[in-house]
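Chemist:
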Amino acid sequence: MKHLLLTFVMLIMLSSCGGEDSSTSRGGTNTDTTMPPITNGNWYHPLVSVTWQWQLSGTINPSYEVEIYDIDLFDSSEDTIQTLQATGKKVICYLSAGSYEEWRSDANLFSEQDLGNPLDGWAGERWLDIRSNTVHSIMIQRLDLAQQKGCDGVEPDNMDAYINDSGFNLTAMDQLAFNRLIANEAHLRDLSVGLKNDLDQIENLVDYYDFAVNEQCFEYAECETLVPFIDNGKPVLNAEYQQAYIDDANARNALCDESLDLQFSTLILPLALDDDFRLSCL
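Everything in the sequence shown is counted per numbering that gives the first Met the number 0, starting at 0 for the first residue and increasing by one.
This is the structure:
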């Protein structure tokens, strides 16, 4: 009951300022960035330099001796999650919080007005209006599903619609309010939560999130932006896909040396995240 009451309060805070359609807020008027982080709970707190495996497609390979498995929320059964946990692993469940995916079992719950432009390079995905109460409700249901399946934490993806061509007039404050809402709702369910994307708002989000999940920060020279997580005793789980890191041992060693200096947990993986191969800097 505790998390249901607080969920209601937070949704009221997010929607109380506007005078528009009660089912969705428009124009960035219904934002609340003042909600404090949830700090009391019994969720998993991964340590800096934790080991991990990231596989979002194909049959899960459970054989890696790592602490964290990051796997798909919808595609992974409770049996898969429990099998991993039985060997001492923590399971982080991936979900897209900022995009509509047409193949998901709850896709019919979204309103057409909440669906924006397609995500470049990702067929069947569209940006969501993160100000929408309908979107908030669906994402909270997904967090409920993660809790019901027994996930130890969640990785919400596509948390940076405001800097993309989303089709909506989203502001930085809209994004900050949404990202804080998702983190707090995860913690109310005793789920650890990782920040994906939204590097520009890390200073304003690091207190809300337990770890960061990043892609290609070395390739794009963005890794220093993630250091506040390390400074706060929280790990950065990074994946690189560049072919040079796969083919060239010298390039890979240089990457791993830099990653170790930053205390990041870096993997070199296939873009499909299908366990076709895995190279680890740890």
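Glycine included, C-beta positions come from ideal geometry on N, C-alpha and C.
Determine the direct distance from the alpha carbon of ASP246 to that of LEU270, and round the result to whole angstroms.
Modeler: About 15 Å.
Chemist: Would you list, in sequence order, the uninterrupted alpha helix (DSSP H) runs of no fewer than 4 residues that lie entirely inside the region 112–148?
Modeler: Counting whole runs of 4 or more residues, the region 112–148 contains the alpha helix (DSSP H) stretches 132–148.
Chemist: Where do the ends of the alpha helix (DSSP H) carrying TYR244 lie?
Modeler: Unbroken alpha helix (DSSP H) run through TYR244: 242–246.
Chemist: Tell me which residues share the same chain as VAL90 and place their Cβ nearer than 7 Å to its Cβ, disregarding the 5 neighbours each side in the sequence.
Modeler: Correct list, in chain order: TYR68, ILE70, ILE80, LEU83, GLN84, CYS150, ASP151.
Chemist: How long is the line joining the alpha carbons of VAL65 and PHE177, rounded to whole angstroms?
Modeler: Answer to the nearest angstrom: the Cα atoms are 31 Å apart.
Chemist: Which residue wins for smallest C-alpha separation from LEU278, given the options ASP260, ASP156, CYS255?
Modeler: When each option's Cα is compared against that of LEU278, the closest is CYS255.
Chemist: Give every residue of the same chain whose Cβ lies closer than 7 Å to the Cβ of ASN116, excluding the five residues on either side of it in the sequence, and list them in chain order.
Modeler: Only ARG125, TRP126, ASP164, SER165, GLY166 meet the Cβ criterion.
Chemist: Can you list, in chain order, the residues of its chain with a C-beta nearer than 6 Å to that of ASN60? Leave out the 5 residues immediately preceding and following it.
Modeler: Cβ neighbours of ASN60 beyond the five flanking positions: ASP274.
Chemist: At a cut of 8 Å, does the region 188–205 reach the region 98–114 through at least three beta carbon pairs?
Modeler: Too few Cβ pairs lie closer than 8 Å, so no.
Chemist: Would you decide whether TRP102 is buried or exposed? Buried here means 16 or more other CB atoms lie within 10 Å of its CB.
Modeler: Its Cβ having fewer than 16 others within 10 Å, TRP102 is exposed.
Chemist: State the Cα-Cα distance for the pair ASP100 and ASN107, rounded to the nearest angstrom.
Modeler: It is worth fixing the name first, because residue 100 is Glu in this sequence and not Asp. Roughly 10 Å between the two C-alpha positions.
Chemist: Assign ASN312 to one of two classes, buried (16 or more other C-beta atoms within 10 Å of its C-beta) or exposed (fewer than that).
Modeler: Because the chain in this structure spans residues 0 to 281, residue 312 falls outside the shown range and cannot be described.
Chemist: Please tell me whether, using a cut-off of 7 Å, the distance from the CB of SER136 to the nearest non-hydrogen atom of the ligand SAM is below it.
Modeler: With respect to the ligand SAM, the structure offers nothing, as it holds no ligand at all.
Chemist: Suppose the cutoff is 7 Å on Cβ atoms and the five residues either side in sequence are ignored; what does the same chain contact list for GLY27 look like?
Modeler: With a pLDDT of 36 at GLY27, under the threshold of 50, the modelled position of this residue cannot be trusted; read the value that follows with caution. Cβ within range, chain order: ARG130, ASN168, LEU169, THR170, MET172, ASP173.
Chemist: Please report the distance separating the alpha-carbon of ASP206 from that of PRO36.
Modeler: Cα to Cα, the separation comes out at about 7 Å.
Chemist: Output needed for PRO45: all residues of its chain with C-beta closer than 6 Å, excluding positions within five of it in sequence on either side, in chain order.
Modeler: PHE210, PRO234.
Chemist: DSSP puts ASN237 in a beta bridge; with which residues?
Modeler: Answer is ASN213, THR265, bridged to ASN237.
Chemist: Go ahead and pull the three-state DSSP assignment for SER191.
Modeler: Here SER191 sits in strand by DSSP.
Chemist: Can you find the residues in the same chain that come closer than 7 Å, C-beta to C-beta, to GLY57, ignoring five residues on each side of it along the sequence?
Modeler: Closer than 7 Å at the Cβ level, and outside the excluded window around GLY57, lie ASP273, ASP274.
Chemist: Could you work out which residue in SER48, SER95, ILE229, LYS148 is closest to GLY123 when comparing CA atoms only?
Modeler: Checked all of SER48, SER95, ILE229, LYS148; the closest Cα to GLY123 is SER95.
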